[in-house]
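Trainee:
Residue numbers (our numbering): 404 to 443.
1. Closest to residue 439 by CA distance: which of 430, 432, 420 and 405 is it?
2. Thinking just about the alpha-carbon of each residue, which of 411, 434 and 435 is nearest to the one in residue 422?
3. At the level of alpha carbons, what is the spacing between residue 416 and residue 408?
What follows is the structure, given as structure tokens:
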């Protein structure tokens, strides 16, 4: 079974967090999961 996946990457300050927060707040019935992999 294939699961559609989107990977969000980008430079510091590019708006990644803003995009993810928007998608989560406007899910409109879609089932979403967020995996955080932080290096630092």
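Every residue gets a Cβ at the ideal spot worked out from N, C-alpha and C, and that includes glycine.
Mentor: Reading it off the structure:
1. With distances taken between Cα atoms, residue 439 lies closest to 420.
2. 411
3. 23 angstroms
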